[in-house]
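Remember, this note's numbering sits 7 above the position in the sequence shown when you count from 1.
Ideal Cβ positions, reconstructed from N, Cα and C, are used throughout, including at glycine.
Everything numeric in this text was worked out from a predicted model, so none of it was measured.
Reading through the structure tokens given below for one structure.
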Amino acid sequence: MNVLEQITIGEYVAKDFRTAAVFSKYGIDFCCKGNRTIEEASEKKNLDFVQIEKEITQLLETKSDGAIDFRSWPSDLLIDYIEKTHHRYVEEKSSVLLPFLDKLCKVHGERHPELFEINELFKGCARELAQHMKKEELILFPFIKKMENAIRTGKAIEAPHFGTVENPIEMMKDEHVTEGERFVKIATLTNNYTPPADACNTYKVTFSMLQEFEQDLHKHIHLENNILFPKAIEMQSKFII
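Take a look at the structure:
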């Protein structure tokens, strides 16, 4: 069997984030469903597996232009990066997008009723992500940092109240899937973020921001699902809690 066929999509993107562009081009989810192989994802979407594999191989053979290797980072540094880059992004952009979407509904909702559903979907996303990030910041991330420090210093660690680290990780991954699916609906309703012919500047800016939000969310989920969470599970296996 070809070695490429045995590597998951998430592992490809963890190794070289440039591959995310190839997967995105073919509509392949590399964050929430990154545990599949290229062949499995291709069969699901009736895509040319050989062509996608060829593009990935060619890309990996070209020199990376200074891309960050997040896999080499210790988990505590990666957590700080996720919080300061992606969690902060969600908080800041949500506060801008919510009133923009409300305004679009009031001004353009009669001619474009899909805006009401887009607005409700994003409101749900902003609300659920806020709760999701707090659970990570207050429960899961501190424990991962505690494990990192325990391994570094050789100190013992108390058993967490949630049992093994896989328990909150699986909950976070399930919530990632929910938000990923929500944005699939938003992308469909916006015709892949294409504003209509009668769109004003606010309309165009809002759709552009929604698209950027989705792209940031994909990278955010990728860093957790494909890099941070496997690191945490591996760390836990190194000592008895």
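Neighbourhood of Asp-109 by C-beta distance below 6 Å, restricted to the same chain and skipping five residues each side: none
Residue span of the alpha helix (DSSP H) that contains Asp-19, given as start and end: The question names Asp, but residue 19 is Tyr in the sequence shown. Its alpha helix (DSSP H) spans residues 16 to 22.
Cβ contact check for the segment 207 to 216 and the segment 179 to 193: 3 or more pairs under 8 Å: no
Unbroken alpha helix (DSSP H) run spanning Glu-135, endpoints: 121 to 142
Among Ile-146, Leu-128, Val-57, nearest to Val-172 - alpha-carbon criterion: Ile-146
Spatial distance of Lys-238 from Glu-90 (CA atoms): 17 Å
Unbroken stretches of the alpha helix (DSSP H), 4 residues or longer, contained in the segment 37 to 96: 45 to 52, 56 to 68, 82 to 88
Outcome for Asn-4 when other beta-carbon atoms lying within 10 angstroms are tallied against a minimum of 16: The first residue shown for the chain is 8 and the last is 248, placing residue 4 beyond what the model contains.
Assigned exposure category for Asn-156 - 16 Cβ within 10 Å defines buried: exposed
Inter-residue Cα distance where the pair is Glu-5 and Leu-136: Here the chain has residues from 8 to 248 only, and residue 5 is not among them.
Through-space distance from Asp-76 to Asp-23, alpha-carbon basis: 8 Å
Nearest-angstrom Cα separation, counted from Asp-36 out to Glu-121: 24 Å
Backbone CA spacing between Leu-230 and Phe-107 [nearest angstrom]: Approximately 29 Å between the Cα atoms of the pair.
Separation of Leu-54 from Tyr-33, as counted between CA atoms: 8 Å
C-beta contact flag for Ile-14 and Ile-86 at 8 Å: Not closer than 8 Å, so no.
Thr-44 to Phe-148 span [Cα, whole Å]: 28 Å
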